[in-house]
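Student:
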Amino acid sequence: MPQTGMVHDYVIDALYPLACLLSISLLFASCQKSRPLPEQGTYAQQLYVERCGTCHRPYSPASMTAAMWEMQVEAMGAKIVQAGQPPLSPQQHLTILDYLKRNAGRQ
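Taking our numbering, the leading residue of the sequence shown gets 45, the next gets one more, and so forth.
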């Protein structure tokens with residue numbers, strides 16, 4: 045039976061590369077020249093800008109893969125509330141996540 049510390053170390057070792065990849069992706073995304081977001085003027089694009097652009101600039105959906113966006117949107121749920129913003133409704137969550145996944149990067 046593994047000790048608690050060993051399990052913790054294993055989890056950290058397993059998640060560290062993913063965290064590094066996410067950080068590098070965000071760094072490159074922030075260095076890219078600003079381009080218009082896809083689907084300009086649609087409800088999904090406007091909702092993304094309105095809800096996600098309150099605390100930070102809305103990142104290009106192509107800056108992360110669909111799988112990365114799933115993790116990021118889930119992680120941001122708590123941060124939205126911590127920032128004093130109302131939580132996303134289930135429909136808003138789904139609309140934003142679908143928008144990001146439709147326009148996500150491939151790698």
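For each residue, glycine too, the CB sits at the ideal point set by N, CA and C.
#1: Tell me the DSSP bridge mates of Gly149?
#2: Between Tyr143 and Pro105, is the Cβ-Cβ spacing less than 8 Å?
#3: Below 8 Å CB to CB, which residues in the same chain sit around Gly121 once its five sequence neighbours on both sides are set aside?
#4: Does DSSP put Glu83 in a helix, in a strand, or in coil?
#5: On the three-state DSSP scale, how would you describe Pro130?
#6: Do the CB positions of Cys96 and Ile140 come within less than 8 Å of each other?
Tutor: On the basis of the data shown:
#1: On the sequence shown, residue 149 is found 105 positions in, with the first residue counted as 1. Answer is Thr109.
#2: By 1-based counting over the sequence shown, the position of residue 143 is 99. By 1-based counting over the sequence shown, the position of residue 105 is 61. Going by C-beta atoms, Tyr143 is nearer than 8 Å to Pro105.
#3: Counted from its first residue, the sequence shown places residue 121 at position 77. Contacts found: Pro131, Leu132, His137.
#4: Locating residue 83 in the sequence shown gives position 39, where the first residue counts as 1. Taken through DSSP and simplified to helix, strand or coil, Glu83 comes out as coil.
#5: For the purposes of this step, residue 130 is taken as residue 86 along the sequence shown, with counting starting at 1. The answer is coil: DSSP assigns Pro130 none of H, G, I, E or B.
#6: Looking up residue 96 in the sequence shown gives position 52. Looking up residue 140 in the sequence shown gives position 96. A contact, by the Cβ cut-off of 8 Å.
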